[in-house]
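Here the working numbering runs 76 ahead of the position in the sequence shown, where the first position is 1.
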Amino acid sequence: MFKRLKKQIYITFLGIAMLSGVFLTGKEARAEENSQSDSTSNEVTVEVTGITCNITEAGPYAVGCAFGVCGEDLDPLGFSTISAEEAYERMIVLEDEYPTGTSWTNVNSYAWSCGWSASGCMGFAHMISDAAFGNADFRTIENDGSGNMYDKIKVGDVVRTDYNSHSVIVLEKNSDYIVVAEGNWGGQVVWGRTISKEKINSDCAYIETRYGR
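Here it is in structure tokens:
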């Protein structure tokens with residue numbers, strides 16, 4: 077199990093916390109937003125050591141934030157080069173903001189940096205994915221029926237499980253099970269549920285990964 081680090085970069089619609097110690101709550105961010113010129117009246121941009129976040133008005137149940145990453149975190153094709161440990165560290169800090177039991181249903185949505193908005197479980201997984209990988213590109217690994225989908229999974233991947241009906245994001249990968257975070261699992265956020273290797277190989281539809289080949 078990776079060591080949990082409390083001090084890490086995380087940016088959400090409700091608040092912004094930076095490793096450098098700069099902290100902006102959602103209220104303060106909106107105040108800053110209102111101070112912008114008319115051309116940028118609907119967003120505030122925060123830049124700290126290469127991290128950029130644009131917060132937009134997205135409605136009461138939407139999370140509208142684009143996470144940015146430093147250039148050294150990306151390969152020439154735009155895929156992520158961070159380690160599994162780094163991915164975990166960047167994801168797990170959001171557990172403080174969205175702890176197990178937080179309501180997250182299909183009315184909750186998130187605008188993924190990879191190009192579209194999704195609600196429910198997929199929206200939550202994409203939000204955590206952006207926290208780890210910023211604006212890194214993604215690719216899809218389809219289930220080819222060979223029975224080895226588990227071997228292709230990495231920490232930080234979004235896994236579409238339960239015969240293409242539920243999305244989770246991988247926090248840890250062990251020899252025979254993964255540990256995941258998920259939204260809309262019984263209508264709420266859950267951190268730490270495990271899914272067996274056997275189950276993944278039998279019902280995983282596809283994997284969305286931000287790592288290169």
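The beta carbon of each residue, even a glycine, is placed where N, CA and C say it ideally should be.
Owing to the predicted nature of the structure, the values given are computational and were not obtained by experimental measurement.
Can you give me the C-alpha to C-alpha distance between residue i and residue j, rounded to a whole angstrom?
i	j	result
N219	G263	27 Å
T216	G199	16 Å
A187	G259	15 Å
S156	Y253	24 Å
S159	S272	23 Å
V256	G221	23 Å
C197	G191	17 Å
D213	R269	27 Å
T237	R166	23 Å
E284	M203	13 Å
Y282	P175	26 Å
A201	A194	9 Å
S185	C280	23 Å
W261	W267	10 Å
N211	E173	21 Å
Span of the alpha helix (DSSP H) holding residue i?
i	result
K249	K249 -> not in any alpha helix (DSSP H); beta strand (DSSP E) instead, spanning 242-249.
I204	196-209
Y226	225-228
Y172	Looking at the sequence shown, residue 172 is not Tyr but Asp. That run of the alpha helix (DSSP H) goes 170-173.
What do you get for residue i, buried or exposed, if any count of 16 or more other CB atoms within 10 angstroms of its CB means buried?
i	result
E161	exposed
E104	At E104, the pLDDT of 32 sits below 50, so the modelled position is not reliable; the number obtained from the coordinates is stated separately. Exposed, because fewer than 16 other Cβ atoms sit within 10 Å of the Cβ of E104.
L247	buried
D206	buried
L170	buried
L150	buried
S251	exposed
I168	buried
S189	buried
Provide the residue span of the beta strand (DSSP E) that contains residue i, from first to last.
i	result
I158	Taken as a continuous stretch (DSSP letters only), I158 belongs to no beta strand (DSSP E), as it is neither H nor E.
G268	266-272
R289	Looking at the DSSP string, R289 is not in any beta strand (DSSP E), and its letter there is neither H nor E.
V255	253-258
T237	234-237
A187	185-187
T216	215-218
T285	282-285
Report back the beta-carbon spacing between residue i and residue j to the nearest angstrom; my notes put them in contact at under 8 Å.
i	j	result
Y164	V234	Going by Cβ atoms, the distance from Y164 to V234 rounds to 15 Å, so no, they are not a contact pair.
R286	F209	4 Å
G154	V265	Contact doesn't hold; Cβ gap of about 29 Å is too wide.
Using a C-beta cutoff of 9 Å, does residue i count as contacting chain B?
i	result
D227	Included in the structure is just one protein chain, with no chain B present.
**Meets three-Cβ-pair contact criterion under 8 Å: the region 169-184 and the region 236-245** = no
**Prompt:** Can you find at least 3 beta carbon pairs, one from the region 267-285 and one from the region 218-232, that sit closer than 8 Å?
**Reply:** yes
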